[in-house]
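Engineer: Each residue of the sequence shown is one higher than the one before, starting from 1 at the first, in UniProt numbering.
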Amino acid sequence: MQRPLGLVRSKGLYRITRVYSELGGDAQALLKRHSLTEQELREPAFQMRFDQYDAFIDDLLDSCPQGELVTKFTQHYHLSDEGALGCAIMYCRDLHQMLSTMASYMSVTGPTIGRFTTGASCHFEMVVTDARAQSNVIEFEVLVVTCVLHNFANVRWGRDMPWFSRIELSFDEPERAKHYQEHFQCPIHYGQSANRFVFNSQLLHLAFMGHNYELYSVAEQQCRRQLEAISELTDTKREVVRLLSTTSGALPSFERIASLFNLSPSTLRRRLQAEGVNYKQLLRKYRIERAADLLLHTELNVQQISDMVGYQNPTNFTRAFKLELGVLPKVYRQQHTS
1 MQRPLGLVRS
11 KGLYRITRVY
21 SELGGDAQAL
31 LKRHSLTEQE
41 LREPAFQMRF
51 DQYDAFIDDL
61 LDSCPQGELV
71 TKFTQHYHLS
81 DEGALGCAIM
91 YCRDLHQMLS
101 TMASYMSVTG
111 PTIGRFTTGA
121 SCHFEMVVTD
131 ARAQSNVIEF
141 EVLVVTCVLH
151 NFANVRWGRD
161 MPWFSRIELS
171 FDEPERAKHY
181 QEHFQCPIHY
191 GQSANRFVFN
201 SQLLHLAFMG
211 HNYELYSVAE
221 QQCRRQLEAI
231 SELTDTKREV
241 VRLLSTTSGA
251 LPSFERIASL
261 FNLSPSTLRR
271 RLQAEGVNYK
281 QLLRKYRIER
291 AADLLLHTEL
301 NVQQISDMVG
311 YQNPTNFTRA
321 FKLELGVLPK
331 VYRQQHTS
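Given below as structure tokens:
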């Protein structure tokens, strides 16, 4: 998926790295890996290209030493950024459609956005996976989600916009509360029952640059079909396929999947065996089913589809496709579209 390359404000990253340090992360090493300094992040005028910003967030989430405490969003951010859900978000019409899509299909990546309500009070509500999590873990999630979404939408609008009219946060007022106020520029209430963000209603239907109805529709339909397929699987199978469905190109290794479950590879292997399947079978079946879907609902050629589902060699892809579905990819397309 092609990512936006516009400039984004980076001052939200300073607060994120502060909380990252409190969770035991080495913020200085993180900054050094991306040729950044703390002073740069504190400068109000400092900006980064969105692809650089995105790479920094990926690294921050992967290297967080208490990642098992952080919610589903932070565990799967770099996975949900790719695949059908990521494409749908990329090509959506406006903020309203973007948040509605995320609320509808976030079960593919984890229950971060728990509710999106339209009407006089438009808001979305963050749901923390473990309500007993320490306050700085909750704060870490809130910072990551709001800063990523805020910067992504501002890139799509082509200018910085005042997103929120009111914010409610579940943790107590932190020492850096004044920085929150400077960043969000709206009333902020701490110690509330949930993390809730009420939007400036005038922005919900402000058109994004580069929106594409046809590409959005294709990606949204893929999300729907993936969700239906996942609901038919048993628990462990469903969770593995859910993670696979968030990716495109290079799919995660078995060890990576196990780490996202907070399980050892041997434990996850035993659970899958108890359900009569192994990871290699699930991976091949997922790849081929996704390829079949792309053959029927896009005009991509076999080489492009092979790349999208993670096969570097088209010959291996063709062989696996025939083994799974009994026909070659081109024949499958002809049989089902004629």
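Even for Gly, the Cβ is constructed at its ideal location relative to N, Cα and C. Quick caveat: nothing in here was measured; it's all calculated off a predicted structure.
Looking only at C-alpha atoms, which of L263, F254 and Q304 sits nearest to K280?
Structural biologist: Looking at the Cα atoms, F254 is the closest of the given residues.
Engineer: Please report how far the alpha carbon of E168 lies from the alpha carbon of F184, in whole angstroms.
Structural biologist: Straight-line Cα distance between these residues: approximately 12 Å.
Engineer: Tell whether a beta-carbon distance below 8 Å holds between Y105 and C186.
Structural biologist: No. Outside cutoff.
Engineer: Smallest Cα separation from residue 339: which of Q335, Y20 and L31?
Structural biologist: Within the shown structure, residues of the chain are numbered from 1 to 338, placing residue 339 beyond reach of any answer.
Engineer: Restricting to Cα atoms, I'd like to know which of Y213, D172 and N316 is closest to S193.
Structural biologist: It is D172 whose Cα lies nearest to the Cα of S193.
Engineer: Suppose you measure from the CA of G221 to the CA of M90; what does that come to, to the nearest Å?
Structural biologist: The sequence as given places Gln at residue 221; Gly does not occur at that position. Approximately 14 Å, taken between the alpha carbons.
Engineer: Tell me the start and end of each unbroken beta strand (DSSP E) in the segment 237-310 that is at least 3 residues and wholly inside, in chain order.
Structural biologist: With a minimum length of 3 residues, no continuous beta strand (DSSP E) run stays inside the segment 237-310.
Engineer: Name the residue from P329, D54, A292 and R271 whose alpha carbon lies nearest to the alpha carbon of V155.
Structural biologist: Nearest option by C-alpha distance: D54.
Engineer: Closest to E182 by CA distance: which of K32, R42, L206 and A320 is it?
Structural biologist: Ranking the options by Cα distance to E182, first place goes to R42.
Engineer: Would G276 pass as a contact of M209 if the rule is Cβ separation under 8 Å?
Structural biologist: The answer is no: Cβ separation not under 8 Å.
Engineer: Using a threshold of 8 Å, state whether the C-beta atoms of E38 and F46 are closer than that.
Structural biologist: It is not a contact, given that the beta carbons lie outside the stated cut-off.
Engineer: Pull up the DSSP beta-bridge partners for E168, would you.
Structural biologist: Its beta-bridge partners are H189 and R196.
Engineer: If you follow the alpha helix (DSSP H) that N316 is part of, which residue opens it and which one closes it?
Structural biologist: It spans P314 to L325 - the alpha helix (DSSP H) in which N316 sits, taken as one unbroken run.
Engineer: By Cβ distance, which residues of its chain are closer than 7 Å to L143, with the 5 residues on each side in sequence left out?
Structural biologist: Same-chain partners within the cutoff: G12, R15, I16 and V19.
Engineer: Whose C-beta lies closer than 6 Å to the C-beta of T146 among residues of the same chain, with five residues either side of it excluded?
Structural biologist: Excluding residues within five positions, none has a Cβ falling inside 6 Å.
Engineer: Decide if V331 is buried, meaning its Cβ has at least 16 other Cβ atoms within 10 Å, or exposed.
Structural biologist: V331 comes out exposed.
Engineer: My understanding is that D59 touches H34, with C-beta atoms under 8 Å, so please give their C-beta distance in whole angstroms.
Structural biologist: Their Cβ separation, rounded to whole angstroms, is 7 Å, which keeps D59 and H34 in contact under 8 Å.
Engineer: On a CA-only basis, which of F199, Y180 and G24 is nearest residue 342? Give me that one, please.
Structural biologist: The displayed coordinates of the chain run from 1 to 338. Any statement about residue 342 would go beyond what the structure contains.
Engineer: What does L94 pair with, by DSSP beta-bridge criteria?
Structural biologist: First, the residue type needs correcting, since residue 94 is Asp and not Leu in the sequence shown. Per DSSP, A207.
Engineer: Rounded to the nearest angstrom, how far is the Cβ of H211 from that of R93, given a contact under 8 Å?
Structural biologist: Their Cβ separation, rounded to whole angstroms, is 5 Å, which keeps H211 and R93 in contact under 8 Å.
Engineer: From the DSSP output, in three-state form, read off W157 for me.
Structural biologist: Three-state result, W157: helix.
Engineer: If you draw a straight line from the alpha carbon of L295 to that of Q334, how long is it in whole angstroms?
Structural biologist: Roughly 9 Å between the two C-alpha positions.
Engineer: Considering Cα atoms alone, identify which of Q304, N195 and A292 is closest to T337.
Structural biologist: Comparing Cα-Cα distances from T337 to each of Q304, N195 and A292, the minimum goes to A292.
Engineer: What did DSSP end up calling R15 once you bin it into helix, strand or coil?
Structural biologist: Note: R15 maps to helix in three-state DSSP.
Engineer: According to DSSP, is E182 part of a helix, a strand, or is it coil?
Structural biologist: DSSP places E182 in helix when its eight states are reduced to three.
Engineer: Between which two residues does the alpha helix (DSSP H) harbouring Q202 extend?
Structural biologist: Taken as a continuous stretch (DSSP letters only), Q202 belongs to no alpha helix (DSSP H), as it is neither H nor E.
Engineer: Please report how far the alpha carbon of A153 lies from the alpha carbon of A274, in whole angstroms.
Structural biologist: One C-alpha to the other measures close to 44 Å.
Engineer: Kindly indicate which three-state DSSP category G86 falls into: helix, strand or coil?
Structural biologist: Three-state result, G86: helix.
Engineer: Would a check of beta-carbon distances place R242 closer than 8 Å to chain B?
Structural biologist: Going by chain labels, chain B is absent from the structure shown, which holds only one protein chain.
Engineer: Quick check: the Cα distance between E22 and V148, rounded to an integer number of angstroms?
Structural biologist: Whole-angstrom Cα-Cα distance: 20 Å.
Engineer: Less than 8 Å between the C-beta atoms of G326 and L251, yes or no?
Structural biologist: No. Outside cutoff.
Engineer: Just reading off the alpha helix (DSSP H) that H336 is part of, what are its end residues?
Structural biologist: That run of the alpha helix (DSSP H) goes P329 to T337.
Engineer: Beta carbon of L260, beta carbon of L283: below 8 Å?
Structural biologist: No, they are not a contact pair.
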